[in-house]
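Asks: Just passing along the structure, written as structure tokens.
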Amino acid sequence: MKSLLTIIICLVTIVAIAQPNSKQAAKGVKYGAATTANGAIEVNLLEEKLITAETFTGKVKGTVATVCQQKGCWMTLAQTDGDGIMIKFKDYKYFMPLNIVGKDVVLQGVAKKTITSIEKLKHYAADAGKSKDEIEKIIEPKIEIEFIASGVLVVS
Numbered sequence: 025m026k027s028l029l030t031i032i033i034c035l036v037t038i039v040a041i042a043q044p045n046s047k048q049a050a051k052g053v054k055y056g057a058a059t060t061a062n063g064a065i066e067v068n069l070l071e072e073k074l075i076t077a078e079t080f081t082g083k084v085k086g087t088v089a090t091v092c093q094q095k096g097c098w099m100t101l102a103q104t105d106g107d108g109i110m111i112k113f114k115d116y117k118y119f120m121p122l123n124i125v126g127k128d129v130v131l132q133g134v135a136k137k138t139i140t141s142i143e144k145l146k147h148y149a150a151d152a153g154k155s156k157d158e159i160e161k162i163i164e165p166k167i168e169i170e171f172i173a174s175g176v177l178v179v180s
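Numbered per this note's numbering, the sequence shown spans residues 25 to 180.
Below, the structure is given as structure tokens:
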């Protein structure tokens, strides 16, 4: 009986550890390091901040435009110019739920401009569920802002 109980406990533990982040996105839910909305700048001001500095460290607020459909390992924040800002998570210690698209969030972390390769762009497009035709249209690298978030707070 003890060995059966031990096996059940082991299986439950393995299943619990193997599950991706199961917290659904709702107002007040935090992922990663705890953060608040205090002092957050609008996402559209981020590019302006990166004109005079190589990096921006602080908080940014915006609306989630897309999330990795495979496991929530990245997301983008919408910008008024149509391009989204790529958000990755520090040390991949946490992921986002798929229901976070359309939610307003505050991110705490570090942003910088990067050049994203064609291969990475195609990989992200596939993760986002884009069609094969859309993926094949990606033919050049892209200069974009990348934000490494140490924490995410859902604000609405």
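We put the beta carbon where it would ideally sit given N, CA and C, even for glycine.
It should be emphasised that the depicted structure is a prediction, and the values quoted were computed from it without experimental measurement.
What beta strand (DSSP E) runs, 3 residues minimum, are completely inside the stretch 82–158?
Replies: For the stretch 82–158, whole beta strand (DSSP E) runs of length 3 or above, ordered along the chain, are 98–101, 109–113 and 128–140.
Asks: Measure the CB-CB distance between N68 and Q93 and report whether it falls below 8 Å.
Replies: No, the Cβ-Cβ distance between N68 and Q93 is not below 8 Å.
Asks: Going by DSSP in three states, I162 sits in which element: helix, strand or coil?
Replies: If DSSP states are grouped into helix, strand and coil, I162 belongs with coil.
Asks: If contact is defined by three or more beta carbon pairs under 8 Å, each pair taking one atom from either stretch, is the stretch 47–66 in contact with the stretch 109–128?
Replies: The answer is yes - the stretch 47–66 touches the stretch 109–128, with three or more Cβ pairs under 8 Å.
Asks: Quick one: what's got a C-beta closer than 8 Å to L101's C-beta in the same chain, skipping five residues either side?
Replies: So the list reads V67, V84, G86, T87, V88, A89, G108, I109, I111, V129, L131 and F171, once near-sequence residues are dropped.
Asks: I'd like to know whether the C-beta atoms of L19 and A150 end up nearer to each other than 8 Å.
Replies: Look at the range of the chain in this structure, 25 to 180, and you will see that residue 19 is not part of it.
Asks: Thinking C-alpha only, which one of A57, M99, V91 and K137 is nearest T79?
Replies: The option with the nearest alpha carbon to T79 is K137.
Asks: State the DSSP-derived secondary structure class of V176, mapped to helix, strand or coil.
Replies: Correct three-state label for V176: strand.
Asks: Based on DSSP bridge pairs, tell me the residues matched to E66.
Replies: Per DSSP, K85.
Asks: Excluding five sequence neighbours on each side, which residues of the same chain lie with their C-beta closer than 6 Å to the C-beta of S141?
Replies: Excluding sequence neighbours, S141 sits near P165.
Asks: To which residues does DSSP link K73 through a beta bridge?
Replies: Answer by DSSP bridge pairing: none, since K73 is not bridged.
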